[in-house]
Amino acid sequence: MAETDIKETETAEEERELTDGFHLIIDALKLNGVETIYGVPGIPITDFGRMAQAEGIRVLSFRHEQNAGNAAAIAGYLTKKPGICLTVSAPGFLNGLTALANATTNCFPMILISGSSEREIVDLQQGDYE
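Written out as structure tokens, the structure reads:
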């Protein structure tokens, strides 16, 4: 009996160590009944999309962030639950922001989630931030 308790404790500790922001966001989305994410895949958010799919959330990919955002806004309007738009940082975020502004103006529930780069790998002197 004691060995089982020890194994359960070790497993719980390992799960706590593995929990990151992606898991927290996915759990929050699932708790709020989100079934679909609309977005454009890219390096900062590829893992997030993969993890969301593994948890049973459908991820629909688009070729442009504004189109993904408009789809999320319309989904929010039709379902009365926030539509989720997932974009990469910098230009992807700005392209999605247009759809978010449109959704806000029309009172469509929508959430825009954007990835980002780690600060230590960003070299603003070279202009390679995204």
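Residue numbers for the sequence shown follow our numbering, so the first one is 651 and each next one is one higher. Glycine residues also receive a C-beta, built at the ideal position from the N, C-alpha and C atoms.
| Item | Value |
| --- | --- |
| Indicate whether Q703 and V709 have their beta-carbon atoms separated by less than 8 Å. | yes |
| Please report the distance separating the alpha-carbon of R713 from that of T669. | 30 Å |
| Which whole-angstrom value is the C-beta distance of K680 and E705, which I expect to be below 8 Å? | 6 Å |
| Leaving out five residues before and five after G746 in sequence, what residues of the same chain have Cβ atoms less than 6 Å from its Cβ? | E715, G719, C735, T737, L762 |
| How would you write the range of the beta strand (DSSP E) that G765 sits in, first residue to last? | That residue, G765, is in no beta strand (DSSP E); it is neither H nor E in DSSP. |
| When DSSP builds the beta bridges, which residues end up paired with G689? | S711, L736 |
| Is it true that the CB of N752 sits closer than 8 Å to the CB of A722? | no |
| Write down the C-beta distance between I707 and I687 rounded to the nearest angstrom, noting that I regard them as a contact closer than 8 Å. | 6 Å |
| Less than 7 Å between C-beta atoms, sequence neighbours within five positions excluded: which residues of the same chain meet that for S711? | G689, V690, P691 |
| Return the CA-CA distance between N756 and T748, expressed in angstroms with no decimal places. | 13 Å |
| Rounded to a whole number of angstroms, what is the C-alpha to C-alpha distance between F698 and I676? | 8 Å |
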